[in-house]
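Visitor: Pasting a structure below so you can have a look.
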Amino acid sequence: MTSAPLTHGDSLPADWRDLLALTKPRVMSLVVFTGLCGLLAAPGPVHPVLGFAAVLCIALGAGAAGALNQWYEADLDAKMKRTANRPLPAGRMSRQTALHFGVGLAVFSVILMDLAANHLAAAVLAISILFYVLVYTVWLKRRTAQNIVIGGAAGAFPPLIGWAAVTGDVSTLPILLFAIIFLWTPPHFWALSLFVRTDYANAGVPMMPVVAGIESTRRQILVYTLPMIAAAVAPWLLDLTGWVYGIFSVILSAIFLVLAFQVFANKASEPKAMGPEKRLFAFSIVYLFGLFAALVVDRWLI
Amino acid sequence: MPLEEDELIRKRQRERSRVLAILLGLFVVLMFAITIAKMSVNR
Numbered sequence: 016m017t018s019a020p021l022t023h024g025d026s027l028p029a030d031w032r033d034l035l036a037l038t039k040p041r042v043m044s045l046v047v048f049t050g051l052c053g054l055l056a057a058p059g060p061v062h063p064v065l066g067f068a069a070v071l072c073i074a075l076g077a078g079a080a081g082a083l084n085q086w087y088e089a090d091l092d093a094k095m096k097r098t099a100n101r102p103l104p105a106g107r108m109s110r111q112t113a114l115h116f117g118v119g120l121a122v123f124s125v126i127l128m129d130l131a132a133n134h135l136a137a138a139v140l141a142i143s144i145l146f147y148v149l150v151y152t153v154w155l156k157r158r159t160a161q162n163i164v165i166g167g168a169a170g171a172f173p174p175l176i177g178w179a180a181v182t183g184d185v186s187t188l189p190i191l192l193f194a195i196i197f198l199w200t201p202p203h204f205w206a207l208s209l210f211v212r213t214d215y216a217n218a219g220v221p222m223m224p225v226v227a228g229i230e231s232t233r234r235q236i237l238v239y240t241l242p243m244i245a246a247a248v249a250p251w252l253l254d255l256t257g258w259v260y261g262i263f264s265v266i267l268s269a270i271f272l273v274l275a276f277q278v279f280a281n282k283a284s285e286p287k288a289m290g291p292e293k294r295l296f297a298f299s300i301v302y303l304f305g306l307f308a309a310l311v312v313d314r315w316l317i
Numbered sequence: 007m008p009l010e011e012d013e014l015i016r017k018r019q020r021e022r023s024r025v026l027a028i029l030l031g032l033f034v035v036l037m038f039a040i041t042i043a044k045m046s047v048n049r
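Encoded structure:
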């Protein structure tokens, strides 16, 4: 790893807005939502204050992981258009500030989770932060095209943490929720990486389209979509949820499958002609929000 | 150090101090609320 070019970042104290940007607030929204849904789907009551504190800890933990990811990847971010204006590659903050902020936030979130919820939720939160930073960012991302496949587990922990914060244990449904996000991550990121692959190639990140080619990536998106759909409808088939979740999971999964087929059938290699890939990427976010929202509606309204 | 840069440093320090004060205040309120909630749950 090489140091990012630093200008003002070395001498000026970081702006608080840049510290906030370091936590990747947009990514955090999906993490917070799935964590909240895991918490709300869990059986048994949860005190609103403790539930709020648990979701806050999930958000802070995700923010800490995002900050440490940016600390480690400052050199990569500087090479990609999409990330070049982040606080570190843009030279608005020193790397030491980012490291201290990330580690401090991570420790704080785990301790607060232990105080507000229980040991299991705090332990799973700590594992998810370490997994994202050490396994995905440090170990896999620059070494293998499977980085997203294994690294996807890091983003799959929030519903498990939310569930554990309420119940103090982990059962079949939260494991299936984990599996849904874990299997959803490859099609989601590979769809994105198809139309920004030049960025990844320039930065030397071995994403699937860069290493295995566009056609192979399209085929693998379709292949990963099938077990993802199986995991998505499994809670309903196993009678762990009601008909609302069942209907939503079937409809949303059918749309996902059609879009994945359109990606598979697309032969274009220029990003401008990658409409199906862009549609799949956009819908994949709606898909995850929709599934988890249906889970909560099913649990609370039916 | 140029005067402009010195002013920028002071401005950022002031802003960060304000944000930190607000966050510390919210943390105190949150810890109080968590303590009360835990007491009511355990009762």
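In order, the protein sequence lines correspond to chains A and B.
So this note's numbering is basically just the index in the first sequence, starting at one, shifted up by 15.
So this note's numbering is basically just the index in the second sequence, starting at one, shifted up by 6.
Glycine included, each C-beta is placed from N, C-alpha and C at the ideal position.
#1: What's the call for H134/A, buried or exposed, on a 16-neighbour Cβ count within 10 Å?
#2: Name, please, each residue of chain B whose Cβ falls closer than 9 Å to the Cβ of D30/A.
#3: Would you kindly work out how many angstroms separate the C-alpha atoms of G228/A and M95/A, rounded to a whole number?
#4: Buried or exposed: where does V164/A fall if 16 or more other Cβ atoms within 10 Å of its Cβ makes it buried?
#5: Going by the beta-carbon positions, is the gap between I176/A and G50/A smaller than 7 Å?
#6: Between the segment 116-127 of chain A and the segment 70-81 of chain A, do three or more beta carbon pairs fall short of 8 Å?
#7: By alpha-carbon positions, which one of G119/A, A89/A, R32/A ends up nearest to G106/A?
#8: Straight-line CA distance for I40/B to S46/B?
#9: Taking the alpha-carbon positions, what's the G290/A to L272/A distance?
#10: What are the residues in the segment 53-87 of chain A lying within 7 Å of chain B by C-beta distance?
#11: Assuming F298/A and L207/A are in contact, meaning their beta carbons sit under 8 Å apart, how far apart are those beta carbons, in whole angstroms?
#12: State yes or no: is the C-beta of A171/A within less than 7 Å of the C-beta of F193/A?
#13: Going by DSSP in three states, M222/A sits in which element: helix, strand or coil?
#14: What residues of chain A sit near V25/B, judged by a beta carbon separation below 8 Å?
#15: Given this structure, state the Cα-to-Cα distance separating A131/A from A68/A, to the nearest angstrom.
#16: Under DSSP, the alpha helix (DSSP H) around R18/B begins and ends at which residues?
#17: Can you list, in chain order, the residues of its chain whose CB lies under 7 Å from that of A160/A, leaving out five sequence neighbours each side?
#18: What does a CB cutoff of less than 6 Å around V301/A pick up in its chain, not counting 5 residues either side in sequence?
#19: May I ask which residues mark the beginning and end of the alpha helix (DSSP H) holding F296/A?
#20: I want to see whether chain B comes within less than 7 Å of A136/A, judged by CB atoms only; does it?
#21: Could you name the residues of the same chain whose beta carbon sits closer than 8 Å to that of F276/A, not counting the 5 residues immediately before and after it, in chain order?
#22: Indicate the three-state DSSP secondary structure (helix, strand or coil) for L272/A in the structure shown.
#23: Taking only beta-carbon positions, decide if L21/A is within less than 7 Å of chain B.
#24: Tell me whether the segment 29-48 of chain A and the segment 97-116 of chain A touch, counting them as touching only if at least three CB pairs, one residue from each stretch, are closer than 8 Å.
#25: Report yes if the CB atom of L155/A is closer than 7 Å to the CB atom of G117/A, and no otherwise.
Guide: On the basis of the coordinates in this document:
#1: Translated into the one-based positions of the first sequence, residue 134/A becomes position 119. Under this definition H134/A is an exposed residue.
#2: Here residue 30/A is taken as the residue at index 15 of the first sequence, counted from 1. Ordered by position in chain B, the residues that pass the 9 Å Cβ test against D30/A are R18, E21, R22.
#3: If you number the first sequence from 1, residue 228/A lands on position 213. If you number the first sequence from 1, residue 95/A lands on position 80. Using only the alpha carbons, I get a separation of about 19 Å.
#4: In the first sequence, residue 164/A corresponds to position 149, counting from 1. Its Cβ being crowded by 16 or more others within 10 Å, V164/A is buried.
#5: Position 161 of the first sequence, counting from 1, holds the residue named residue 176/A. Position 35 of the first sequence, counting from 1, holds the residue named residue 50/A. Their beta carbons are under 7 Å apart, which means I176/A touches G50/A by this criterion.
#6: yes
#7: Along the first sequence, read from residue 1 onward, the residue named residue 106/A stands at position 91. Answer by Cα proximity: A89/A.
#8: In the second sequence, residue 40/B corresponds to position 34, counting from 1. In the second sequence, residue 46/B corresponds to position 40, counting from 1. Going by the C-alpha atoms only, they are around 10 Å apart.
#9: Within the first sequence, residue 290/A is the residue found at index 275, counting from 1. Within the first sequence, residue 272/A is the residue found at index 257, counting from 1. Each residue's alpha carbon lies about 16 Å from the other.
#10: H62, V64, L65, A68
#11: Stepping through the first sequence from its first residue, residue 298/A is reached at position 283. Stepping through the first sequence from its first residue, residue 207/A is reached at position 192. Wrong, their Cβ atoms sit about 12 Å apart, outside the cutoff.
#12: On the first sequence, position 156 is the one that residue 171/A refers to. On the first sequence, position 178 is the one that residue 193/A refers to. Yes.
#13: Residue mapping note: residue 222/A aligns to position 207 of the first sequence, counting from 1. Coil, per DSSP.
#14: By 1-based counting over the second sequence, the position of residue 25/B is 19. The contacting residues are W31.
#15: By one-based count along the first sequence, residue 131/A stands at place 116. By one-based count along the first sequence, residue 68/A stands at place 53. Those two C-alpha atoms are separated by around 6 Å.
#16: The sequence position of residue 18/B within the second sequence is 12, counting from 1. Unbroken alpha helix (DSSP H) run through R18/B: 9-48.
#17: As a first step, residue 160/A must be located in the first sequence, where it is residue number 145. These residues qualify, in order along the chain: P221, M222, M223, V226, A227.
#18: Position 286 of the first sequence, counted from the first residue, corresponds to residue 301/A. So no residue of the chain qualifies.
#19: Within the first sequence, the letter at position 281 stands for residue 296/A. Per DSSP, F296/A belongs to the alpha helix (DSSP H) from 290-316.
#20: Numbered from 1 along the first sequence, position 121 holds the residue referred to as residue 136/A. No, no contact with chain B.
#21: Within the first sequence, numbered from 1, the residue matching residue 276/A stands at position 261. Only L237 meet the Cβ criterion.
#22: By one-based count along the first sequence, residue 272/A stands at place 257. Three-state DSSP puts L272/A in a helix.
#23: Walking along the first sequence from the start, residue 21/A turns up at place 6. With a pLDDT of only 42 at L21/A, under the threshold of 50, the placement of this residue in the model should not be trusted; the figure read from the coordinates follows. It does not; no Cβ of chain B falls within 7 Å.
#24: yes
#25: Your numbering for residue 155/A matches position 140 in the first sequence. Your numbering for residue 117/A matches position 102 in the first sequence. Taking 7 Å as the Cβ cut-off, L155/A and G117/A do not qualify as a contacting pair.
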